[in-house]
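As they're listed, the protein sequences go chains A and B.
Mapping of the first sequence onto my numbering: position 29 corresponds to residue 29, and the numbering continues sequentially without gaps.
Mapping of the second sequence onto my numbering: position 139 corresponds to residue 1139, and the numbering continues sequentially without gaps.
Note that beta-carbon positions come from the ideal geometry of N, C-alpha and C, so glycine has one too.
Notes for the one structure printed next.
Number of protein chains: 2
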Amino acid sequence: MNQLKNDRYLRALLKQPVDKTPVWMMRQAGRYLPEYKATRAQAGDFMSLCKNAELACEVTLQPLRRFPLDAAILFSDILTIPDAMGLGLYFETGEGPKFERPITCKADVDKIGLPDPEGELQYVMNAVRTIRRELKGEVPLIGFSGSPWTLATYMVEGGSSKAFTKIKKMAFAEPKTLHMLLDKVADSVISYLNAQVAAGAQSLMIFDTWGGVLSPRDYREFSLQYMAKIVDGLTRENEGRKVPVTLFTKNGGMWLEDIAATGCDAVGLDWTIDIADAKARIGDKVALQGNMDPSMLYASPERICDEVAHILSGFGEGSGHVFNLGHGIHLDVDPEHAGVFINAVHELSVPYHK
Amino acid sequence: MNQLKNDRYLRALLKQPVDKTPVWMMRQAGRYLPEYKATRAQAGDFMSLCKNAELACEVTLQPLRRFPLDAAILFSDILTIPDAMGLGLYFETGEGPKFERPITCKADVDKIGLPDPEGELQYVMNAVRTIRRELKGEVPLIGFSGSPWTLATYMVEGGSSKAFTKIKKMAFAEPKTLHMLLDKVADSVISYLNAQVAAGAQSLMIFDTWGGVLSPRDYREFSLQYMAKIVDGLTRENEGRKVPVTLFTKNGGMWLEDIAATGCDAVGLDWTIDIADAKARIGDKVALQGNMDPSMLYASPERICDEVAHILSGFGEGSGHVFNLGHGIHLDVDPEHAGVFINAVHELSVPYHK
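Spelled out as structure tokens, the structure:
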């Protein structure tokens, strides 16, 4: 069942030899593609798109029809778990996600339960099953979740934030309440990701978008500790094959050693670190994913290729590198530039895998 | 003339012995103080406050009346230079600063001239002179500027930004245009800061708020290079005393060695790096400023003192540390907590200076 036509991505995550460096793009299914916008319009709002397995599958596959990507990633939102916990997720145009009933105190934390991945969250598993079926073994399917800290920032702030005032107030004034919340969310993430694997996900990624707003000590206490708990609780093998786990903390470049020590298979890098330094620091332990500045896709094809060459040369010879952007692709990027990027990775990486 | 009653801050920047660790707070004159709000209301809008030397002096001195701070910092805006270049600075409530005429192309860069610090920017020098006079030698006065890259982000984006799309498009597609702009801004910053010193500033700080959104290579090319040029061009001694220069790049923790190599006297740290690591990396070259998470001021007095103790112990014995927050104080902080913080630094640091 797990016979993949292209398993370059899984092999690179496990540092097994590959013919060229695999590549995918965070938010590769998204608004920079006109076909995505058309499907999204058909679905209505964003969450309706996530909740419709056929349409979620359609947008997941769209970038693969355009580009020779080495992986597909489940189309979903990072806030499905808090929504299933009853916080009332909604989107206001131009404002980002919001919650009707944010977490403000211990009583709110006591009230929330662990959502059933095949209950309130079954729409996600249905999407995973549909996408896996429709992928027909072409490339592996990545499942994902937000990190407990990142999910908690939205749950406590009630939406996006700049200064993270409310959750930091909770972290510093009522740390026990926040730890209770993070622990519940971590348990939910474990069952959620394991259900994604059972439904067909072949690799897992945890997005810690907001861990980088913490001090080193607070990062370990409020974010990394719970990602480590998740890594420990995950199904690491399925269908006779390893299920690699990638942890990504945006602006986490100073804590790579700590992240690698969780037992994850790979560490995601944003563009603020030189991949050569990252490899020197943790390349003996884990694979690396990254790390071109997404804004580089605004540049000319020549400049994009130059940057790809620079990053490939930084990583150097051998397997253990999954090329990606350092964060999601911007919505106003020309899809042709994304194509230039992907082809450049494949073409320019061949000499590093002789 | 430069006889200071308290020169702890200047001494620490030059690693000369002190009796306790000096402390000030970024944005210490600001909206968390009710007396600031009253003066601001009197002035009208924000720029009118900056342009009125008496009122700018008043808000600069307000935090010093409440707390035993070891330095005063000129009350002004980082966007005075682009405003004086004719870009038309204005503020929309809740929106941050904006420019009526942002820089979009080479022709726009060609048009802008170097503002005269005692011409269009004389209001800043008048504020410096007034504050210096009214400080009566109590503590030193810090002058400041934004870094060329940080100023250019506002000039090209037309205001605040999240993804820095326009300036990165320029950096990657028209790097020569951006370099021309950065070079002009750097020249202006040099004459602006040297005029502040001539007017009475006893220390200088350059705020690179947005350098951390660049890759290491792009940071060196578009931000650090121009800060290094400024450091080279500054008056480093005045009134028979050194004028120390501090460079601060938010999210610049991975590039400390490069920042320290510019020849600056001190490097500002945000809270995402452990100060013990920073000292091990660059403590032989420069003094360090920082680095408590500003959100820690939401915590209880006990927790604030615990964090201060942690940071003091991280830096360890000897001079070369100016305590500060890792970024500006939040506007909804209880002023009493700021007082707890400042007193904790003074009291808990004594044993490190025996």
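Next item on the list: Output the boundary residues of the alpha helix (DSSP H) element that contains Thr1150(B).
Entry: If you number the second sequence from 1, residue 1150(B) lands on position 150. Run containing Thr1150(B): Pro1148 to Glu1157, per the alpha helix (DSSP H) assignment.
Margin query: With a threshold of 7 Å on Cβ separation, who are the neighbours of Gln3(A) within its own chain once the five nearest residues in sequence on each side are excluded?
Written below: Taking the first residue of the first sequence as position 1, residue 3(A) is located at position 3. The answer, listed in chain order, is Gly137.
Next item on the list: Determine, using beta-carbon pairs with one atom in the region 58-68 of chain A and one in the region 32-42 of chain A, whether at least three such pairs fall under 8 Å.
Entry: yes
Notebook entry, point to check: According to the neighbour-count rule (16 or more other Cβ atoms, all chains shown, within 10 Å of its Cβ), is Met1(A) buried or exposed?
Noted result: Sequence index remark: in the first sequence, residue 1(A) carries index 1 (1-based). Interpretation of Met1(A) is limited by its pLDDT of 47, a score under 50 that renders its predicted location unreliable; no figure is taken from the coordinates.
Check: the region 1288-1299 of chain B: which residues have C-beta closer than 7 Å to a C-beta of chain A, in chain order?
Finding: Asp1293, Ser1295, Met1296, Tyr1298 and Ala1299
Notebook entry, point to check: Is it true that the CB of Gly1088(B) sits closer than 9 Å to the CB of Ile1112(B)?
Noted result: In the second sequence, residue 1112(B) corresponds to position 112, counting from 1. In the second sequence, residue 1088(B) corresponds to position 88, counting from 1. Their beta carbons are not under 9 Å apart, which means Ile1112(B) does not touch Gly1088(B) by this criterion.
Note to self: I'd like the span of the alpha helix (DSSP H) that includes Gly252(A), first residue to last.
What the structure shows: As a working mapping, residue 252(A) is identified with position 252 in the first sequence. First-last for Gly252(A): undefined, no H or E at that position.
Next item on the list: Kindly indicate the opening and closing residues of the beta strand (DSSP E) around Ser160(A).
Entry: By 1-based counting over the first sequence, the position of residue 160(A) is 160. First-last for Ser160(A): undefined, no H or E at that position.
Item checked: Proximal residues, the region 1245-1272 of chain B versus chain A, C-beta separation under 8 Å -> Asn1251, Gly1253, Met1254, Trp1271 and Thr1272
Note to self: If contact is defined by three or more beta carbon pairs under 8 Å, each pair taking one atom from either stretch, is the region 1208-1220 of chain B in contact with the region 229-244 of chain A?
What the structure shows: no
Notebook entry, point to check: Less than 9 Å separating the beta-carbons of Pro97(A) and Leu79(A)?
Noted result: Counted from its first residue, the first sequence places residue 97(A) at position 97. Counted from its first residue, the first sequence places residue 79(A) at position 79. A contact, by the Cβ cut-off of 9 Å.
Note to self: Checking the sheet assignment: what are the DSSP bridge partners for Asn291(A)?
What the structure shows: Residue 291(A) sits at position 291 when you count from the first residue of the first sequence. Asn324(A).
Check: Any beta-carbon of chain A closer than 9 Å to the one on Leu1214(B)?
Finding: The residue labelled residue 1214(B) in the question sits at position 214 within the second sequence. Output row for Leu1214(B): interface = yes.
Next item on the list: Identify which residue in Ala1261(B), Arg1040(B) and Leu1269(B) has its Cα closest to the Cα of Lys1285(B).
Entry: Translated into the one-based positions of the second sequence, residue 1285(B) becomes position 285. With distances taken between Cα atoms, Lys1285(B) lies closest to Ala1261(B).
Check: According to DSSP, what are the bridge partners of Ala72(A)?
Finding: To locate residue 72(A), count along the first sequence from 1; it is residue 72. Looking at the DSSP assignment, Ala72(A) forms a beta bridge with Leu141(A).
Item checked: Burial state of Gly1044(B), where buried means 16 or more other Cβ atoms lie within 10 Å -> Taking the second sequence and counting its residues from 1, the one referred to as residue 1044(B) is at position 44. Exposed, since its Cβ has fewer than 16 Cβ neighbours within 10 Å.
Notebook entry, point to check: Within 10 angstroms of its Cβ, does Gln196(A) collect 16 or more other Cβ (buried), or is it exposed?
Noted result: What you label residue 196(A) is simply residue 196 of the first sequence in a count that begins at 1. Classification of Gln196(A): buried, given that the 10 Å Cβ count is 16 or more.
Notebook entry, point to check: Taking the continuous beta strand (DSSP E) assigned at Pro1063(B), which residues delimit it?
Noted result: Counting from 1 along the second sequence, the entry for residue 1063(B) is found at position 63. Careful: Pro1063(B) lies outside any beta strand (DSSP E), inside the alpha helix (DSSP H) at Ala1053 to Arg1066.
Next item on the list: Tell me whether Thr130(A) sits in a helix, a strand or coil according to DSSP, three-state version.
Entry: By 1-based counting over the first sequence, the position of residue 130(A) is 130. Reduced to three states, the DSSP call for Thr130(A) is helix.
Next item on the list: Could you tell me which residues DSSP pairs with Ile206(A) in its beta bridges?
Entry: Walking along the first sequence from the start, residue 206(A) turns up at place 206. Answer is Ser145(A) and Leu247(A), bridged to Ile206(A).
Note to self: For a cutoff of 9 Å on Cβ pairs, would you count Asp1208(B) as touching chain A?
What the structure shows: Locating residue 1208(B) in the second sequence gives position 208, where the first residue counts as 1. It does not: the Cβ of Asp1208(B) has no partner Cβ on chain A nearer than 9 Å.
Check: Within 9 Å (strictly less), CB to CB, does Lys1098(B) reach chain A?
Finding: As a working mapping, residue 1098(B) is identified with position 98 in the second sequence. No, its Cβ sits nowhere closer than 9 Å to a Cβ of chain A.
Notebook entry, point to check: Does the beta carbon of Tyr219(A) come closer than 9 Å to any beta carbon on chain B?
Noted result: Within the first sequence, numbered from 1, the residue matching residue 219(A) stands at position 219. Closer than 9 Å to some Cβ of chain B, the Cβ of Tyr219(A) qualifies, so yes.
Check: Are the CB atoms of Gly1290(B) and Leu1312(B) nearer to each other than 9 Å?
Finding: Here residue 1290(B) refers to the residue found at position 290 of the second sequence. Here residue 1312(B) refers to the residue found at position 312 of the second sequence. No, Cβ-Cβ distance for Gly1290(B) and Leu1312(B) is not below 9 Å.
Notebook entry, point to check: Taking 9 Å as the CB-CB limit, is Gly326(A) close to chain B?
Noted result: If you number the first sequence from 1, residue 326(A) lands on position 326. So yes, Gly326(A) belongs to the interface.
Next item on the list: Determine the chain B residues that contact Arg303(A) at a beta-carbon separation under 8 Å, and present them in chain order.
Entry: Here residue 303(A) refers to the residue found at position 303 when the first sequence is read from its first residue. Here the neighbours are Phe1172 and Ala1173.
Note to self: Please state the DSSP three-state secondary structure of Ala1266(B).
What the structure shows: Taking the first residue of the second sequence as position 1, residue 1266(B) is located at position 266. In the structure shown, Ala1266(B) sits in a strand (DSSP, three-state: E or B).
Check: Nearest to Asp274(A) by CA position, among Glu307(A), Ile259(A), Leu247(A) and Pro301(A), is which residue?
Finding: For this step, residue 274(A) is matched to residue 274 along the first sequence. Of Glu307(A), Ile259(A), Leu247(A) and Pro301(A), the residue nearest in Cα terms is Glu307(A).
Item checked: Proximal residues of chain A, C-beta to C-beta of His1330(B) below 9 Å -> Position 330 of the second sequence, counted from the start, is the residue given in the question as residue 1330(B). Simply Ala163 and Thr165.
Next item on the list: Determine the direct distance from the alpha carbon of Pro1082(B) to that of Met1155(B), and round the result to whole angstroms.
Entry: In the second sequence, the residue the question calls residue 1155(B) occupies position 155. In the second sequence, the residue the question calls residue 1082(B) occupies position 82. Looking at the two C-alpha atoms, the distance is approximately 7 Å.
Check: For Asp70(A) versus Arg8(A), is the C-beta distance shorter than 9 Å?
Finding: Here residue 70(A) corresponds to residue number 70 of the first sequence, with the count starting at 1. Here residue 8(A) corresponds to residue number 8 of the first sequence, with the count starting at 1. Yes, the pair counts as a contact, with Cβ atoms nearer than the cut-off.
Next item on the list: Establish whether the CB of Asp1334(B) and some CB of chain A are separated by less than 9 Å.
Entry: The residue labelled residue 1334(B) in the question sits at position 334 within the second sequence. It does not: the Cβ of Asp1334(B) has no partner Cβ on chain A nearer than 9 Å.
Checklist line | DSSP-derived helix/strand/coil call for Gly233(A) | finding: Position 233 of the first sequence, counted from the first residue, corresponds to residue 233(A). The answer is helix: DSSP assigns Gly233(A) an H, G or I state.
Notebook entry, point to check: Under the three-state reduction of DSSP, which class applies to Met1001(B): helix, strand or coil?
Noted result: Against the second sequence, residue 1001(B) aligns to sequence position 1. Low per-residue confidence applies at Met1001(B): pLDDT is 47, beneath 50, and the placement is therefore not dependable enough to give any value.
Check: Leu1135(B): which of Pro1294(B), Pro1063(B), Lys1168(B) and Asn1052(B) sits nearest, CA to CA?
Finding: As a position in the second sequence, residue 1135(B) is number 135, starting the count at 1. Of the candidates Pro1294(B), Pro1063(B), Lys1168(B) and Asn1052(B), the one whose C-alpha sits nearest the C-alpha of Leu1135(B) is Pro1063(B).
Checklist line | Extent of the continuous alpha helix (DSSP H) run through Phe315(A) | finding: Your numbering for residue 315(A) matches position 315 in the first sequence. Taken as a continuous stretch (DSSP letters only), the alpha helix (DSSP H) holding Phe315(A) covers Pro301 to Phe315.
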